[in-house]
Amino acid sequence: MDMNVPKKKLSLKEKYSHMTRGLDWEPSYQSKDDVYPYAKYEGIKIHDWDKWEDPFRLTMDAYWKYQAEKERKLYAIIDAYAQNNGHLSVTDARYINTVKLFLTGVSPLEYMAHRGFAHVGRQLPGAGPRVACLMQSIDEIRHAQTQVHSLSNYNKYYNGLHDFRHMHDRVWYLSVPKSFFDDAITAGPFEFMVAIGFSFEYVLTNLLFVPFVSGAAYNGDMSAMTFGFSAQSDEARHMTLGLEVIKFMLEQDPDNLPIVQRWIDKWAWRGTRVLTLVAMMMDYMLPKRIMSWKEAWEVYFEENGGALFKDLARYGITMPKCIEDITKEKEHLSHQAWATFYNYGAAAAFHTWTPDEDEMNWLSEKYPDSFDKYYRPRLEYWRDEAAKGNRFYNKTLPMLCQVCQIPMLFTEPDDPTKICYRETQYKDDKYHFCSDHCKAIFEHEPEKYIQSWLPVHQIYQGNCFPEGTDPTAEGFDPLAAVLAYYHMNFGRDNLDFEGSEDQKNFDAWRGVATSND
Amino acid sequence: MAVTALKDYQFEPADRVENFHGNQLLYVGWEDHLLFCAPFAFPFPPAMRFGDVVEQVLPAAFGYHPDFAKIDWAAAQWFKSGQPWTPDFNKSLADNGLGHKDVIRFRTPGLTGIKGACS
Amino acid sequence: MSNVFLALQANEDTRAIIEAITEDNPHAVVHPSPAMVKIDAEGSLTVRRETIEALIGRSFDLQELHINLISLSGHIDETDDELTLHWNA
Chain X
72 MDMNVPKKKL SLKEKYSHMT RGLDWEPSYQ SKDDVYPYAK YEGIKIHDWD KWEDPFRLTM
132 DAYWKYQAEK ERKLYAIIDA YAQNNGHLSV TDARYINTVK LFLTGVSPLE YMAHRGFAHV
192 GRQLPGAGPR VACLMQSIDE IRHAQTQVHS LSNYNKYYNG LHDFRHMHDR VWYLSVPKSF
252 FDDAITAGPF EFMVAIGFSF EYVLTNLLFV PFVSGAAYNG DMSAMTFGFS AQSDEARHMT
312 LGLEVIKFML EQDPDNLPIV QRWIDKWAWR GTRVLTLVAM MMDYMLPKRI MSWKEAWEVY
372 FEENGGALFK DLARYGITMP KCIEDITKEK EHLSHQAWAT FYNYGAAAAF HTWTPDEDEM
432 NWLSEKYPDS FDKYYRPRLE YWRDEAAKGN RFYNKTLPML CQVCQIPMLF TEPDDPTKIC
492 YRETQYKDDK YHFCSDHCKA IFEHEPEKYI QSWLPVHQIY QGNCFPEGTD PTAEGFDPLA
552 AVLAYYHMNF GRDNLDFEGS EDQKNFDAWR GVATSND
Chain D
106 MAVTALKDYQ FEPADRVENF HGNQLLYVGW EDHLLFCAPF AFPFPPAMRF GDVVEQVLPA
166 AFGYHPDFAK IDWAAAQWFK SGQPWTPDFN KSLADNGLGH KDVIRFRTPG LTGIKGACS
Chain H
84 MSNVFLALQA NEDTRAIIEA ITEDNPHAVV HPSPAMVKID AEGSLTVRRE TIEALIGRSF
144 DLQELHINLI SLSGHIDETD DELTLHWNA
């Protein structure tokens with residue numbers, strides 16, 4: 072009797088194994104070391120790539136299917152938002168400045184992540200991680216594209232979004248996220264995986280995306296909320312890849328532990344320094360607040376990261392040393408960062424302002440131990456002076472940290488009235504740092520960081536003026552020349568929110584949208 | 106090893122003094138006045154008189170602060186790389202021992218910023 | 084034992100998924116917030132295909148989760164039938 076036995080479907084594990092191990096091969100006429108030239112120089116020892124456990128087993132057919140579905144959902148919403156003049160439904164026009172910061176500071180990093188994972192996916196000798204990196208690389212370029220596409224709608228109406236790519240490579244505060252990623256991508260493949268795959272994606276990404284995306288939702292920005300969620304839906308895969316890499320390295324050889332620990336220490340700090348921008352966004356830039364930076368840090372780092380490091384303890388990994396200082400800084404970070412942008416509001420491609428009375432009260436309530444004592448007095452002074460027509464614009468360039476490239480705005484961990492100065496001598500020169508942790512990173516690899524492209528020093532070297540500028544000409548205005556080099560329009564993209572074109576246009580358009588005049 | 110690299114890896118520092126067209130960098134911070142978010146960076150010729158920095162440059166940088174006009178420079182305390190230090194106003198930066206990328210700070214006793222909050 | 088968590092977008096697709104998760108994981112705590120839901124669970128959390136299928140009345144591929152997943156924590160074990168998050172310590 073003929074029995075039509077249905078052919079057994081392959082299990083998820085089998086399918087994935089065919090796609091990864093099944094498609095891999097051993098080179099025959101080239102040595103493995105020549106095929107994977109970056110695999111050994113960082114000192115990481117891997118004995119058996121087959122021990123790699125694939126965290127999510129997404130095959131290419133499933134990958135394309137689900138990614139296509141995400142894109143369809145995303146574009147349906149972006150179109151509806153644009154067609155419905157969604158930009159006029161945000162809480163108030165100050166909100167749009169967070170979008171400017173995101174587009175100029177974060178979206179280009181998504182593109183760099185695409186490049187980084189493509190590179191690492193080529194260089195890691197194991198087939199499992201290579202495939203996972205390939206998918207992540209495709210995800211990251213999708214994020215860059217969908218962010219640029221979603222936010223381009225704002226560029227039709229508001230200032231400061233017109234040349235984000237040009238600005239990312241030049242503007243002083245954008246050198247902070249840019250140099251962070253350049254540091255990672257110029258490291259070896261294993262360090263890159265710890266830097267971006269683990270420290271950024273696993274430990275810190277929730278602090279970037281969850282508050283930003285919920286903030287967008289709270290403030291009526293459906294387009295940012297949607298690309299945020301769409302990007303975030305890939306992050307779960309990225310996070311598990313990051314964690315798997317750490318476990319794999321630690322299980323392969325005990326000699327890997329000190330190297331991995333040093334990278335975790337370094338990148339937890341580098342990542343947190345970059346998140347300074349998110350801290351001030353949450354506490355100062357969202358007209359409708361979701362939670363304070365301090366609360367976000369407590370939920371997403373202290374609670375969540377705590378569980379992670381407890382789990383990794385069995386490999387000998389310990390909580391990064393810098394966490395103690397970050398825990399002290401959480402009371403101060405956002406206030407010091409916003410004060411800096413308020414100082415240099417003439418050289419930023421977004422608007423700054425002093426918080427209104429309600430907002431200051433919210434800050435007092437969220438930061439009972441620091442806000443009224445240290446930060447309210449300076450904000451009130453600035454507010455009162457601005458009301459008298461004497462708005463403070465700091466026109467003298469600040470001293471920067473050699474490693475994180477942030478102006479030296481951070482205070483001593485135990486004294487919020489004293490700037491934290493650290494310095495070291497390397498060969499013929501002195502180098503300065505914002506903290507013990509940036510100093511330690513420099514001292515481990517000075518040859519790398521002596522090449523930092525520090526925006527302030529580059530301006531003083533004459534490298535940040537439009538071509539053909541003569542800085543010795545009579546009446547030369549360095550600020551104007553630097554802004555021209557940045558492609559920033561003075562009086563439109565920069566200065567205080569109060570009186571800005573964005574403010575006037577938003578009010579006028581919203582008036583038109585909600586009345587018959 | 107000063108860097109983890111595949112091959113020999115040595116470059117000139119991006120900020121060596123030769124790149125500053127005859128100037129050297131000096132960083133200056135005013136203690137207890139965080140209205141100015143960070144210390145300042147200045148390019149000065151090494152032959153510049155120290156007093157000229159204080160009298161001609163610092164007013165434009167720090168003058169916005171209401172405490173600035175009240176400074177008694179004779180009472181100001183100076184620090185170089187965090188250590189007490191005494192500048193000679195009539196000598197040049199170089200003769201005061203200030204080299205490229207040195208950092209100095211001054212404290213102005215009795216002046217502690219907006220509402221005494223070190224702002 | 085530390086908490087693991089799973090965060091999902093709050094929408095029609097995830098309504099049944101969240102219901103299935105709470106059914107299969109009585110120790111899980113659901114925290115709704117605007118546009119999203121965060122589900123915390125001590126030690127481990129399991130998403131079961133069959134429970135979801137029973138609720139939605141069609142076959143469900145567990146990898147469909149990826150469309151609406153926002154974030155998670157813990158180690159992952161994934162098979163055709165179950166997705167488990169857990170901590171070892």
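Protein chains in written order, with our numbering: chain X, 72 to 588; chain D, 106 to 224; chain H, 84 to 172.
Where a beta carbon is used, it is the ideal one built from N, C-alpha and C, also for glycine.
Per DSSP, Asn534/X has no beta-bridge partner at all. Excluding five sequence positions before and after Tyr289/X, the CB atoms of its chain that fall closer than 6 Å to its own CB belong to Lys359, Ile361, given in chain order. Gly342/X and Ser102/X have their C-alpha atoms some 37 Å from each other.
Residue-level contact check: Ile100/H does not touch chain X, since none of the beta carbons of chain X fall below 8 Å from its beta carbon. Listed by position along chain H, the residues whose Cβ is nearer than 9 Å to that of Ala139/X form an empty set, because the closest Cβ is around 10 Å away. Separation of Leu130/D and Pro214/D (C-alpha to C-alpha, rounded to the nearest whole angstrom) is 27 Å. Of all alpha-carbon atoms in Tyr531/X, Gly533/X, Gln496/X, the one lying nearest the alpha-carbon of His515/X is that of Gln496/X. Using beta-carbon distances, Ala172/H counts as an interface residue toward chain X, with a partner under 8 Å. The DSSP assignment places 112-116, 119-125, 127-131 as complete runs of the beta strand (DSSP E) inside the region 99-135 of chain H, in order along the chain (cut-off: 3 residues). For the 8 Å CB-CB criterion, Leu480/X and Cys142/D form a contact.
Put simply, the CB of Ile139/H is far from chain X, with every gap to its CB atoms at 8 Å or more. When 8 Å is used as the limit between beta carbons, Glu272/X is near no residue of chain H, the shortest such separation being about 10 Å.
Around Ile219/D, the beta-carbon contacts reaching into chain X at under 7 Å are Pro448, Arg449, Tyr452. 8 Å or more divides the Cβ of Pro526/X from the Cβ of Ala555/X. Spanning the alpha carbons of Ala552/X and His309/X requires a straight line of approximately 42 Å. The beta-bridge partner set that DSSP reports for Ser178/X is empty. Excluding five sequence positions before and after Ser197/D, the CB atoms of its chain that fall closer than 8 Å to its own CB belong to Pro151, Ala152, Met153, Arg154, Phe155, given in chain order. Counted as a single uninterrupted DSSP element, the stretch harbouring Trp183/D is not any alpha helix (DSSP H) but the beta strand (DSSP E) occupying residues 182-185. Going by C-alpha positions, Tyr225/X is about 8 Å away from Leu232/X. At a cut-off of 8 Å between C-beta atoms, Met131/X does not count as an interface residue with respect to chain H. With a contact defined as Cβ atoms closer than 8 Å, Tyr107/X and Gln194/X qualify at about 6 Å. Non-local C-beta neighbours of Gly134/D in its own chain, meaning closer than 6 Å and more than five positions away in sequence, comprise Pro144, Arg210, ordered along the chain. Annotation: the continuous beta strand (DSSP E) that includes His158/H extends over 158-161.
Contact between the region 119-131 of chain X and the region 198-214 of chain X is present, with at least three C-beta pairs closer than 8 Å. Interface annotation, Glu538/X: not in contact with chain D, CB-CB separation never under 8 Å. Following the DSSP letters along the chain, one finds Trp580/X inside the alpha helix (DSSP H) bounded by residues 572-585.
Per DSSP, the beta-bridge partners of Tyr502/X are Thr495/X.
Closest by C-alpha distance to Thr105/H, out of Trp170/H, Ile135/H, Met84/H, is Ile135/H. Judged by their CB atoms, Gly197/X and Trp123/X are nearer to each other than the 8 Å cut-off.
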